[in-house]
Structures are given as structure tokens and as C-alpha cells.
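*Asks:* My questions will all concern the structure given below.
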Amino acid sequence: MASLFGATVAVAGAQERRDARPGLEAEQPPISETVVDTESVESILGKIHSVNQFEIEAGQLAAERGEDLRVRRFGTLLARDHRLSDGKLVDIARAKGYRLELKPPEREDARLLESLRDLRGAEFDKAFLAGMDRGHKKVMDLLTESEGRLEDPAARRYVAKVLPVLHQHFLVAARLRIETSGSRKTQPRG
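Counting in numbering that gives the first Met the number 0, the sequence shown tops out at residue 189, every number present.
This is the structure in C-alpha cells:
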């Protein structure tokens, strides 16, 4: 119901400002009032939801098609972490009444998925790691910028918990990109 109005006003307490003197306008609204822009929160959470779905699919492809064992393991880790992250995100959205729209991946990400579906072996590893390196950097930048604008405490806590995980994924992708560019550590599947 609150999302129909685009914003919800949550009052943390019924206590009025006692420091305002009669005849003078209070310069700031009471600290206990917080305006939550539902549309903005839904938009940001929707972007994260879409990114999670992209990362799950890309991770699954890496687990299946990667040549290097480390790439396959990283793919499994990505799929697992983003599945868990998305579950928590969906729980927050349900609890708060936010609608999560799954949007198609951005053009660059869609092209990456398309190429990953066709590639195998070392070429797959190279394209996957480059995409994960670039993609995680982009998402970290988006969330770092958005975190301060999220007025919903649960959404802000979620982003604060997700950022270190994304940073870790970024570091692993960058490290593997360097390590796999010269040597091949392959192990048979199975």
C-alpha cells in the first residue's frame, strides 16, 4: 500500500521535539522521522537482484566450462555466494513490501553471457575472468555510491554486508586473471 504513494514515512517514536521554542520554526524535522523513497530503494535493490541473477548464471557456466580448476571453483563460489545474497535480498524485499523487477542484463553483460555460452577452455577462462573483474568493479562502484542514499536501514545493512563479498570476488577475479594468463592449471573433471 505504501508503495502506491512512492514514499513511506516511518516514525521511530511519537515524541515531539522539545527543543523548539514557541514562536520559532524548527530548523530541521524531528530526528525520529525518516522518509524512505520506496521507488529509489526498489530501483537499487532491483539492480542488485538482476546482478545476482547474472552472476549466478555466469558462475554456473564457469563451473561447467572453465578449463582451469581455479576458474571452475571460482565459478562455483560465485554462483553460491550470489544465490545466498539474492535470497537475503528477496527476504528484505518481501518483509518491506518492495517489488523486485528482474531486468535483462546490460548490453555488455548480455554479450558476455552470450559469448560464455559459446566458449570453452582457455578462451572461456580469459573472457569469464575479464568480465568478472570489470563487472564486480562496476557493481562495487554502484553500491558504494548508492549506499549513502538508501534510507531504508535493512537495505543499507544488506549493501554494507554485500560490498566486502563483492570486493573479495573482484580480487579473486583479478588475481586469477593474472595467474591464468601464463600458465594452465587444468585438472580432469569428475
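Ideal Cβ positions, reconstructed from N, Cα and C, are used throughout, including at glycine.
Restricting to Cα atoms, I'd like to know which of A172, A92, E105 and G86 is closest to F53.
*Replies:* If we check each option's Cα against that of F53, E105 comes out closest.
*Asks:* For E113, count neighbouring C-beta atoms within 10 Å of its own C-beta (all shown protein chains included) and say buried if the count is 16 or more, exposed if not.
*Replies:* Flag for E113 reads exposed.
*Asks:* When the Cα atoms are used, what is the spatial distance from A121 to I177?
*Replies:* For A121 and I177, the distance between alpha carbons rounds to 13 Å.
*Asks:* Applying the criterion that 16 or more other CB atoms from any shown protein chain within 10 Å of the CB defines a buried residue, is R71 buried or exposed?
*Replies:* That one is buried.
*Asks:* Identify whether G147 lies in helix, strand or coil by the three-state DSSP scheme.
*Replies:* G147: coil per DSSP, three-state reduction.
*Asks:* So F169 packs on D132, CB below 8 Å; how close in whole Å?
*Replies:* Their Cβ separation, rounded to whole angstroms, is 7 Å, which keeps F169 and D132 in contact under 8 Å.
*Asks:* How close, in whole Å, do the beta carbons of S49 and L101 come, if the pair is a contact with beta carbons under 8 Å?
*Replies:* Sure, about 6 Å apart at Cβ, within 8 Å.
*Asks:* Can you give me the Cβ contacts of K136 inside the same chain, cut-off strictly under 8 Å, excluding the 5 residues immediately before and after it?
*Replies:* Excluding positions up to five away in sequence, the list reads F169.
*Asks:* Would you please state the rounded distance, in angstroms, between the beta carbons of E146 and V138? I believe it to be under 8 Å.
*Replies:* That belief does not hold up - the Cβ atoms of E146 and V138 are roughly 12 Å apart, past 8 Å.
*Asks:* Is the beta carbon of L99 closer than 8 Å to that of A109?
*Replies:* The answer is no: Cβ separation not under 8 Å.
*Asks:* For V164, which residues of its own chain have a beta-carbon under 8 Å away from its beta-carbon, when the five flanking residues on both sides are left out?
*Replies:* For V164, where only same-chain residues beyond five positions count, the Cβ hits under 8 Å are D80 and S84.
*Asks:* Taking the alpha helix (DSSP H) that E178 falls in, what are its first and last residues?
*Replies:* Per DSSP, E178 belongs to the alpha helix (DSSP H) from P152 to G181.
*Asks:* Please name the residue in G65, H166 and E63 whose C-alpha comes closest to that of L141.
*Replies:* Nearest C-alpha to L141: H166.
*Asks:* Within the same chain, show all residues whose beta-carbon is closer than 8 Å to that of L162, passing over the 5 residues directly before and after it, in chain order.
*Replies:* Only M139, L142, T143 and E146 meet the Cβ criterion.
*Asks:* By a C-beta neighbour count over all protein chains shown, 10 Å radius and 16 as the cutoff for buried, is I30 buried or exposed?
*Replies:* Per-residue confidence for I30 stands at a pLDDT of 33, beneath the threshold of 50, marking its modelled position as unreliable; the derived number appears in the next sentence. With fewer than 16 Cβ atoms within 10 Å of its Cβ, I30 is classed as exposed.
*Asks:* Have a look at the DSSP bridge pairing and note the partners of G120.
*Replies:* Answer by DSSP bridge pairing, in chain order: G65.
*Asks:* Which value, in whole angstroms, describes the spacing of the CA atoms of L175 and R69?
*Replies:* Cα-Cα distance, rounded: 8 Å.
*Asks:* Suppose you measure from the CA of G130 to the CA of E107; what does that come to, to the nearest Å?
*Replies:* So the alpha carbons of these two residues sit roughly 9 Å apart.
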